[in-house]
Amino acid sequence: MSSRSDFDVLANIVKTRRTIRSFRDEDVPKELIEKILDIARWSPSGSNAQEWRFIVVTNRDLLKAMKMFSPGWLGDSPAAIVICADREWAYKVAGILGRDVMYLIDAGIVMQTIALLAHTLGLGTNIILSFSKEALRELLQIPKNWDIVAIIALGYPKEIPKPPPRLPLTKLMIWR
Numbered sequence: 004m005s006s007r008s009d010f011d012v013l014a015n016i017v018k019t020r021r022t023i024r025s026f027r028d029e030d031v032p033k034e035l036i037e038k039i040l041d042i043a044r045w046s047p048s049g050s051n052a053q054e055w056r057f058i059v060v061t062n063r064d065l066l067k068a069m070k071m072f073s074p075g076w077l078g079d080s081p082a083a084i085v086i087c088a089d090r091e092w093a094y095k096v097a098g099i100l101g102r103d104v105m106y107l108i109d110a111g112i113v114m115q116t117i118a119l120l121a122h123t124l125g126l127g128t129n130i131i132l133s134f135s136k137e138a139l140r141e142l143l144q145i146p147k148n149w150d151i152v153a154i155i156a157l158g159y160p161k162e163i164p165k166p167p168p169r170l171p172l173t174k175l176m177i178w179r
C-alpha cells in the first residue's frame, strides 16, 4: 500500500526531471541502462501487449551517424535508446486498435517511465521525435515490422535547466 511519502517522493521526481540537451563526456554503465529498462518493462500497456522494443546504442560512431539525420538531437549524449514498437505483435494481441493507435500511447508511457527512472539515477534524457525513420532503420538494421517511435538521448547532465513555465491546473482541468 502506498503512503503519503511515496506520493511526495514521486511528485518530486516528476517535478524535477528536465529535458537535458547538454551531456558530460562520461559513459553510462551498461548495468544502469539495463536496470532502467528492466523496470520500464513493467509499465502499463493496452491489453498488456508490451509491444515496445528497445535498441540501446552506445557506439560513438553510430551515435554520431544517428545525429546526422536527427535535427531535434542537440548535444552529444554517450548513449541513446531507440524506442520501437512491434506492430505485428500489437495486432496479434490487440487487433487493429493495437496496431494503429495503442502502440503509440504505450510507447509514450514507457518513455516517461524511462525518463523518470533515469532521473532517479542522476541521468538526463531528451526524447527526440524528429529523425529520419528510413535512415535510422538502415543504420541500426531495425526489423521492418517495428515502428520507430522515438530516440531517447541518455547521459549525465552537464547542467540542469531551470524549470519551464507550466499552465495552471485551472486551465487544464474541468469538473462535472
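Residues in the sequence shown are numbered from 4 upward in steps of one, following our numbering. C-beta: ideal position from N, C-alpha, C; glycine also.
Between the beta-carbon of Ser73 and the beta-carbon of Ile151, is there less than 9 Å?
no
Considering only the alpha carbon of each residue, which of Gly49, Gly75 and Arg63 lies closest to Met105?
Gly49
On the DSSP letters alone, give me the boundaries of the alpha helix (DSSP H) that Ala14 sits inside.
Arg7 to Thr19
Considering only their Cβ atoms, is the gap separating Phe57 from Leu40 smaller than 9 Å?
yes
Helix, strand or coil for Gly78 per DSSP?
coil
Alpha-carbon to alpha-carbon, Ile108 and Lys136:
19 Å
Contact defined as beta carbons within less than 8 Å: I believe Ala83 pairs with Ala156. What is the distance between those atoms, to the nearest angstrom?
5 Å
DSSP state of Val113, grouped into three classes?
helix
Three or more C-beta pairs under 8 Å: does that hold for the stretch 62-80 against the stretch 88-101?
no
If you draw a straight line from the alpha carbon of Ile130 to that of Arg21, how long is it in whole angstroms?
11 Å
Following the continuous beta strand (DSSP E) through Thr22, name the residue where it begins and the one where it ends.
Element bounds for Thr22: n/a, residue is neither H nor E.
Taking Cβ positions, are Ile86 and Val113 nearer each other than 9 Å?
yes
Tell me the rounded alpha-carbon separation between Lys33 and Thr128.
16 Å
Output the distance between the C-alpha atoms of Ala118 and Ser46, rounded to the nearest integer angstrom.
12 Å
So, is Ala97 buried or exposed, given that buried needs 16 or more other C-beta atoms within 10 angstroms?
buried
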